[in-house]
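A.B. asks: Mind having a look at this structure? Questions to follow.
Chains as they are written, first to last, in full-length UniProt numbering: chain A, 1 to 191; chain B, 1 to 138.
Structure, rendered in structure tokens:
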């Protein structure tokens with residue numbers, strides 16, 4: 001499961017080489033941070049949880065058997081750390097999207113195309129932050145972790161079939177949140 | 001939602017998610033993290049371990065208290081009872097210090113002893129500051 005380079009890196013960290021560990025951190029910090037940001041919806045908290053995740057990775061590396069990809073193992077720790085944080089604060093305010101069934105994707109597409117690329121990215125980020133944490137986490141992992149449901153099955157410990165259902169629901173919720181945001185634009189387009 | 005709409009939803013979200021990019025934490029994220037980890041591992045190095053395990057210390061302490069209570073119950077505190085009566089106190093120290101009676105010290109010796117005493121106390125704050133900065137004498 002581990003590449004020769006990863007194995008060498010882990011051996012080096014276990015011997016106490018902190019420089020090797022910072023190499024590992026630099027490789028995975030962006031995805032860990034993005035996952036935490038999408039799930040928690042708050043930059044400070046996301047940074048704190050990312051730090052805690054890597055501290056845990058450092059201390060647990062001794063027990064890492066190498067039966068999964070190291071990225072999978074790190075994301076699992078990060079995902080669980082986010083869930084723990086959410087449990088602590090008990091609630092996260094997200095938009096209640098209800099049961100929306102009919103989307104007009106062409107209209108939403110047109111409205112989005114009118115925006116500058118950065119603006120679009122920012123809007124999608126904002127909408128992701130309004131989804132329930134687990135949906136936001138799932139979408140982030142799916143679209144940044146090579147769209148591999150098998151990997152996500154290992155990270156979240158949820159069977160692939162259930163993941164497909166959850167992914168469908170998460171997509172639907174994201175579309176609903178986006179539609180709510182784009183309503184004004186769509187109305188303007190329709191004159 | 002029919003199959004066609006499901007397909008459209010998937011395509012739409014694929015496109016939308018393609019617009020997002022990975023976020024980066026603060027620029028000094030790694031440095032802060034490494035500083036935290038190093039501070040933690042230093043703390044672990046300096047954890048004081050008792051020479052005797054806690055259980056043994058507890059047993060010894062309880063044994064000592066039990067023995068003390070047993071002696072107290074058996075013999076009491078009366079100096080004329082039990083083994084107390086075998087102790088002969090001699091609180092007269094005059095014989096021990098008799099050699100001091102004829103002793104006189106020269107001024108040089110006196111100053112030397114005084115200076116030694118002063119320097120002895122001066123080195124305590126100096127040593128403390130050195131150890132705070134370096135953590136060790138070597």
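Cβ atoms here follow ideal geometry from the backbone N, Cα and C, with glycine treated the same way. Here the structure is a predicted model, which is why all the values come from computation and not from measurement.
For the alpha helix (DSSP H) that residue 125/B lies in, which residues bound it at each end?
C.D. replies: Here residue 125/B refers to the residue found at position 125 of the second chain. Start and end: 107–134.
A.B. asks: When you measure from the CB of residue 86/B to every non-hydrogen atom of the ligand PLP, does any distance come out below 7 Å?
C.D. replies: Ligands in the displayed structure: none, and consequently the ligand PLP is not present.
A.B. asks: Which first and last residues belong to the alpha helix (DSSP H) in which residue 6/B is found?
C.D. replies: Taking the second chain and counting its residues from 1, the one referred to as residue 6/B is at position 6. Counting along the chain, the alpha helix (DSSP H) containing residue 6/B begins and ends at 3–19.
A.B. asks: Can you list the residues of chain A that residue 53/B reaches, using a CB-CB cut of under 8 Å?
C.D. replies: What you label residue 53/B is simply residue 53 of the second chain in a count that begins at 1. None at all; the shortest Cβ gap to chain A is about 25 Å.
A.B. asks: By DSSP, does residue 180/A sit in helix, in strand, or in coil?
C.D. replies: To locate residue 180/A, count along the first chain from 1; it is residue 180. It is helical.
A.B. asks: Using a Cβ-Cβ cut-off of less than 9 Å, give me the residues of the stretch 1–20 of chain B that come near chain A, in sequence order.
C.D. replies: Going along the stretch 1–20 of chain B in chain order, one finds 1, 5, 6, 8, 9, 10, 11, 12, 13, 14, 15, 16, 17, 18, 19 and 20 with a Cβ nearer than 9 Å to chain A.
A.B. asks: Residue 25/B touches chain A at which residues, Cβ-Cβ below 8 Å?
C.D. replies: In the second chain, the residue the question calls residue 25/B occupies position 25. Going along chain A in sequence order, the residues near residue 25/B (Cβ under 8 Å) are 29, 30, 33, 46, 47 and 50.
A.B. asks: Beta carbons nearer than 8 Å to chain B: which residues of the stretch 15–29 of chain A have them?
C.D. replies: Residues passing the 8 Å Cβ filter: 18, 21, 22, 25, 26 and 29.
A.B. asks: Compute the Euclidean distance between the alpha carbons of residue 73/B and residue 62/B, then round it to the nearest angstrom.
C.D. replies: Locating residue 73/B in the second chain gives position 73, counting from the first residue. Locating residue 62/B in the second chain gives position 62, counting from the first residue. Taking the straight line from one Cα to the other gives about 16 Å.
A.B. asks: Where does residue 73/A sit, in a helix, a strand or coil, going by DSSP?
C.D. replies: Your numbering for residue 73/A matches position 73 in the first chain. Reduced to three states, the DSSP call for residue 73/A is helix.
A.B. asks: Take the Cβ of residue 126/A as the centre, count every other Cβ of all protein chains shown within 10 Å, and call the residue buried at 16 or more, exposed below.
C.D. replies: Translated into positions along the first chain, residue 126/A becomes position 126. By the neighbour-count rule (16 or more Cβ atoms within 10 Å), residue 126/A is not buried but exposed.
A.B. asks: Whole angstroms is fine: what's the gap from residue 21/B's alpha carbon to residue 83/A's?
C.D. replies: Sequence index remark: in the second chain, residue 21/B carries index 21 (1-based). Sequence index remark: in the first chain, residue 83/A carries index 83 (1-based). Cα to Cα, residue 21/B sits roughly 23 Å from residue 83/A.
A.B. asks: Beta-carbon of residue 175/A versus every beta-carbon of chain B: anything under 8 Å?
C.D. replies: For the purposes of this step, residue 175/A is taken as residue 175 along the first chain, with counting starting at 1. Closer than 8 Å: yes.
A.B. asks: Terminal residues of the continuous alpha helix (DSSP H) containing residue 48/B?
C.D. replies: Walking along the second chain from the start, residue 48/B turns up at place 48. No alpha helix (DSSP H) holds residue 48/B; DSSP gives it neither H nor E.
A.B. asks: Hey, does residue 39/A have any beta-carbon neighbour from chain B nearer than 8 Å?
C.D. replies: Walking along the first chain from the start, residue 39/A turns up at place 39. No, because no Cβ of chain B sits closer than 8 Å to the Cβ of residue 39/A.
A.B. asks: Could you round the C-beta distance between residue 133/A and residue 86/A to whole angstroms and report it? I think they count as a contact, below 8 Å.
C.D. replies: Here residue 133/A is taken as the residue at index 133 of the first chain, counted from 1. Here residue 86/A is taken as the residue at index 86 of the first chain, counted from 1. About 5 Å; that satisfies the 8 Å criterion.
A.B. asks: Can the beta-carbon of residue 170/A be found less than 8 Å from the beta-carbon of residue 149/A?
C.D. replies: Taking the first chain and counting its residues from 1, the one referred to as residue 170/A is at position 170. Taking the first chain and counting its residues from 1, the one referred to as residue 149/A is at position 149. Result no, Cβ atoms of residue 170/A and residue 149/A do not sit closer than 8 Å.
A.B. asks: Determine the burial state of residue 50/A: buried for a count of at least 16 other Cβ atoms within 10 Å of its Cβ, exposed for fewer.
C.D. replies: As a first step, residue 50/A must be located in the first chain, where it is residue number 50. Its Cβ being crowded by 16 or more others within 10 Å, residue 50/A is buried.
A.B. asks: Are the stretch 50–69 of chain A and the stretch 50–67 of chain B touching, with three or more C-beta to C-beta distances below 8 Å?
C.D. replies: Judged by Cβ distances under 8 Å, the stretch 50–69 of chain A makes no contact with the stretch 50–67 of chain B, as fewer than three pairs qualify.
A.B. asks: Express the C-alpha separation of residue 113/B and residue 126/B in angstroms, rounding to a whole number.
C.D. replies: As a first step, residue 126/B is located in the second chain; it is residue number 126 there, counting from the start. As a first step, residue 113/B is located in the second chain; it is residue number 113 there, counting from the start. One C-alpha to the other measures close to 20 Å.
A.B. asks: Going by the CB atoms, is the gap between residue 36/A and residue 78/A shorter than 8 Å?
C.D. replies: Taking the first residue of the first chain as 1, we reach residue 78/A at position 78. Taking the first residue of the first chain as 1, we reach residue 36/A at position 36. Going by C-beta atoms, residue 78/A is nearer than 8 Å to residue 36/A.
A.B. asks: Mapping DSSP to helix, strand and coil, what is residue 134/A?
C.D. replies: Here residue 134/A refers to the residue found at position 134 of the first chain. The answer is helix: DSSP assigns residue 134/A an H, G or I state.
A.B. asks: So, is the C-beta of residue 34/B closer than 8 Å to a C-beta in chain A?
C.D. replies: As a working mapping, residue 34/B is identified with position 34 in the second chain. Closer than 8 Å: yes.
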